[in-house]
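Participant:
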Amino acid sequence: MTMSDDAVSSVRMEDLTKRFGDVVAVDGVNLEIADGEFFSMLGPSGSGKTTVLRMIAGFEEPTSGRIHLGGQDVTGRPPFARDVNTVFQDYALFPHMNVRENVEYGLRVKKVPRKERAERAEAALASVQLSQFGERSPHQLSGGQRQRVALARALVNRPKVLLLDEPLGALDLKLRREMQIELKDIQREVGITFVFVTHDQEEALTMSDRIAVFNEGHIEQVATPAELYETPASSFVAGFVGTSNLLTGAAARSVFGRDGTFSIRPEKITIADSGARARGRVASVVYLGSVNHYLVDLDAGGTLTVLRQNQHGTADQVLAPDQPVGLTWADEHVIDLTPTSGSHQKETP
Ligand code: ATP
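Residue numbers for the sequence shown follow this note's numbering, so the first one is 37 and each next one is one higher.
1) Counting C-beta neighbours from all protein chains within 10 Å, is the total for Val322 16 or more, i.e. buried, or is it exposed?
2) For Ile255, does the three-state DSSP call read helix, strand or coil?
3) Roughly how many angstroms lie between the CA atoms of Leu373 and Glu68, to the nearest whole one?
4) For Thr38, count neighbouring C-beta atoms within 10 Å of its own C-beta (all shown protein chains included) and say buried if the count is 16 or more, exposed if not.
5) Short check: CB of Leu129 to CB of Pro174, under 7 Å?
6) Please say whether Leu363 and Ala319 have beta carbons closer to each other than 7 Å?
7) Give the straight-line distance between the Cα atoms of Asn251 and Ala314, rounded to the nearest whole angstrom.
8) By the DSSP assignment, the beta strand (DSSP E) with Pro360 in it spans what residues?
9) What residues are listed by DSSP as bridge partners for Ser320?
10) In terms of residues, what are the limits of the alpha helix (DSSP H) holding Lys220?
11) Would Val226 and Ala188 be called neighbours here (beta carbons separated by less than 7 Å)?
12) Give the single residue among Val135, Gly293 and Leu340 whose Cα lies nearest to the Cα of Ile305.
13) Hey, would you say Gln223 sits closer than 7 Å to Phe124, going by beta carbons?
14) Cα-Cα, which of Glu140, Leu283, Ala240 and Gly253 is closest to Ala262?
15) For Pro302, which option in Ala336, Val342 and Thr284 has the closest C-alpha, if you only look at C-alpha atoms?
16) Leaving out the 5 sequence neighbours to the left and right, which residues in its chain are closer than 6 Å to Gly107 when beta-carbon positions are compared?
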């Protein structure tokens with residue numbers, strides 16, 4: 037998605053840079069996030085995502101560059117003078133207040149009248165499906181419920197932009213998956229711009245309208261989940277979002293007939309003897325119930341992961357280690373990642 041010229045973006049960053057001493061945490065980030073978008077910043081630990089989020093919130097000032105919110109330059113403004121709220125991983129609920137008081141707290145500070153306060157807290161609790169829990173104290177809630185209170189406490193302020201820093205990080209996998217779906221539903225319902233920081237690619241793919249992939253302080257690619265997966269702009273993105281399956285050097289020359297860096301996603305490769313485009317031997321088999329993962333060492337050098345669905349369910353259809361196999365794929369599934377000179381930030385059109 038690209039923004040039309042006259043649309044005011046919800047968040048806009050221009051050449052945003054942050055240095056901590058010698059460390060360049062954020063290195064010239066340019067980014068526009070549309071109104072009402074669920075936008076994720078994805079990348080490994082230390083890639084600069086949190087620092088960008090903290091600069092949007094105003095907890096950290098950029099070394100250089102500008103930040104615009106709703107078309108206004110807010111660079112240099114303190115956090116309370118920005119129309120954003122942040123939800124952190126550790127929830128930071130007040131233990132001595134019940135759920136309703138926690139949610140109302142921000143409104144009390146702003147001297148919102150009691151009646152309006154109660155109505156807005158009620159609406160915020162309803163939007164996270166916690167209407168029945170107002171009188172409970174935080175320690176009487178599950179992790180997922182506490183996370184929803186933290187969300188309600190931010191939503192009650194009706195910010196234009198909600199910043200979420202790994203908000204599901206403390207939850208177990210099952211609850212995390214449930215909350216991912218809930219969070220997306222809540223975002224759709226309230227229509228607020230969500231800027232979500234995560235290092236979990238599955239989480240980003242599940243929830244986001246668009247994702248920026250961070251690497252060492254810069255953005256490698258900004259795209260929709262499907263575009264990131266199907267047409268990664270670099271080897272880094274191909275490896276961080278999904279299994280990269282790279283072939284380079286002699287293997288690339290043998291299989292593709294030229295030098296370069298190529299990738300084929302594991303599920304796009306078929307094990308077949310006739311018409312094989314590469315041959316090799318099964319190096320290892322990982323049985324995962326619904327699918328099997330095969331690591332295949334190619335005769336040409338290099339290794340490919342192949343994913344095969346377990347449609348028949350009989351163990352004897354599982355290939356054995358060392359078995360020779362032929363591999364084939366369609367031309368359109370070959371991703372050419374051969375580096376070209378030029379800027380490292382790409383936007384998929
Ligand atoms: P994580 O997923 O682990 O939170 P991240 O992608 O959010 O990682 P940041 O927290 O933004 O990464 O950190 C980016 C870089 O800046 C790291 O090298 C980090 O050590 C450094 N950094 C962040 N905050 C500070 C600080 N206050 N002082 C010095 N260095 C910092």
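The beta carbon of each residue, even a glycine, is placed where N, CA and C say it ideally should be.
Facilitator: In brief:
1) exposed
2) strand
3) 25 Å
4) Annotation note: pLDDT 48 at Thr38 (below 50); position unreliable, coordinate value reported separately. Burial check for Thr38: the Cβ neighbour count within 10 Å stays below 16, so the residue is exposed.
5) yes
6) no
7) 32 Å
8) Pro360 to Thr364
9) Leu331
10) From DSSP, the alpha helix (DSSP H) with Lys220 extends over Leu209 to Val226.
11) No, the Cβ-Cβ distance between Val226 and Ala188 is not below 7 Å.
12) Leu340
13) no
14) Checking every option, the nearest Cα to that of Ala262 belongs to Ala240.
15) Val342
16) Val44
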